[in-house]
Amino acid sequence: GAGVSQTPSNKVTEKGKYVELRCDPISGHTALYWYRQSLGQGPEFLIYFQGTGAADDSGLPNDRFFAVRPEGSVSTLKIQRTERGDSAVYLCASSLGQGATDTQYFGPGTRLTVL
Amino acid sequence: AQTVTQSQPEMSVQEAETVTLSCTYDTSENNYYLFWYKQPPSRQMILVIRQEAYKQQNATENRFSVNFQKAAKSFSLKISDSQLGDTAMYFCAFISGAGGTSYGKLTFGQGTILTVHP
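Order-wise, the sequence lines are chains W and C.
All residue numbers for the first sequence refer to my numbering, where the first residue is 12 and numbers rise by one.
All residue numbers for the second sequence refer to my numbering, where the first residue is 30 and numbers rise by one.
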């Protein structure tokens, strides 16, 4: 079947605007993760969901960032009042379960540019 | 908190030769898993190989193998018979097997850009 998909592929916005980034996980995967990857760096954990609930949101940098997964499938990462420092690639991953042995499969990411 | 360090920002190798990418990590845990992910220019992270910390035997996947030194907290990736398609950014990553708040959270190193030359 299809892998993890993310839309849009690229998003350019102006400072202060609101953006939504979407992630479609692999069908049947119960766990979903968001990571942020700054230029030339490794991905950094933001939040992960087990089903509909956020099991760990300790990586969200501040209250401008929020994520939902209302039906336990698609997830949306929402960023309010964007800042230039939010520019990065936002990666989504999903896994069958939430254990360490469950391989995380990544999407191609959304490149966010805040002007 | 766990940390993962990749001290080689860039590496290059000739096609068909062997290259080793280094990774060290720091953790107080005894139960964990280590990974190497490949990220080509398409940005899609692809799992290359996984090692369970409780296993002494080094993992291998075709041309890819690891040298896991638990006491030294070292986890290097060896790529044999390098191919042009191996050109990518490679990330070493750690995940706790202990559960709790660390569950499911991958910690990545800074990455190593590998270029395979024809």
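Backbone N, C-alpha and C define an ideal beta-carbon position, used for all residues, glycine too.
The structure presented is a predicted model; accordingly, all values stated were derived computationally and were not measured.
- Cβ proximity to chain C below 9 Å picks out Gln-48, Gly-51, Gln-52, Gly-53, Pro-54, Glu-55, Phe-56, Tyr-59, Gln-61, Ala-66, Asp-67 and Ser-69 from the region 48-69 of chain W.
- At a cut-off of 8 Å between beta carbons, Gln-86(C) makes no contact with chain W.
- For Gly-64(W), the three-state secondary structure derived from DSSP is strand.
- At a Cβ-Cβ threshold of 8 Å, Val-48(C) and Gly-138(C) do not count as neighbours.
- Short of 7 Å from the beta carbon of Gly-70(W), and not among the five residues preceding or following it, lie these beta carbons of its own chain, in chain order: Glu-55, Phe-56, Leu-57 and Ile-58.
- Interface with chain W (8 Å Cβ-Cβ cutoff): Lys-134(C) is included.
- Tyr-62(C) has a beta carbon lying within less than 8 Å of a beta carbon in chain W.
- Taking a 10 Å sphere around the C-beta of Thr-124(W), we find fewer than 16 other C-beta atoms and assign the residue as exposed.
- The beta carbon of Thr-87(W) lies closer than 6 Å to those of Glu-31, Arg-33 and Val-79 in the same chain, with the five residues before and after it left out.
- Contacts between Gln-139(C) and chain W, judged by CB atoms closer than 9 Å, involve Gly-51, Gln-52 and Gly-53 in chain order.
- For the C-beta of Gly-120(W), the chain C residues within less than 9 Å are, from N- to C-terminus, Arg-72, Gln-73 and Met-74.
- For Tyr-44(W), a Cβ of chain C is located within less than 8 Å of the residue's own Cβ.
- Contiguous alpha helix (DSSP H) elements confined to the region 34-80 of chain C do not occur, taking only those with 4 or more residues.
- Between Ala-42(W) and Gly-120(W), the CB-CB gap reaches or exceeds 8 Å.
- Comparing alpha carbon positions, the residue from Gln-98(C), Val-145(C) and Met-118(C) closest to Tyr-62(C) is Gln-98(C).
- Counting only unbroken stretches of 4 or more residues, no alpha helix (DSSP H) element lies wholly within the region 44-106 of chain W.
- The residue from Glu-46(C), Leu-106(C) and Ile-75(C) with its alpha-carbon nearest to that of His-146(C) is Glu-46(C).
- For a Cβ distance threshold of 7 Å, residue set Ala-111 of chain W lies close to Ser-125(C), ordered along the chain.
- Approximately 24 Å separates the beta-carbon atoms of Val-23(W) and Ala-104(W); this is outside 8 Å, ruling out the contact.
- Interface annotation for the region 95-126 of chain C against chain W: Phe-120, Ile-124, Ser-125 and Gly-126, criterion Cβ-Cβ distance under 7 Å.
- In the three-state reduction of the DSSP assignment, Leu-113(C) falls in the helix class, which pools H, G and I.
- Checking the DSSP bridge columns, you'll see Lys-102(C) has no partner listed.
- Rounded to the nearest whole angstrom, the C-alpha separation of Tyr-54(C) and Gly-118(W) is 26 Å.
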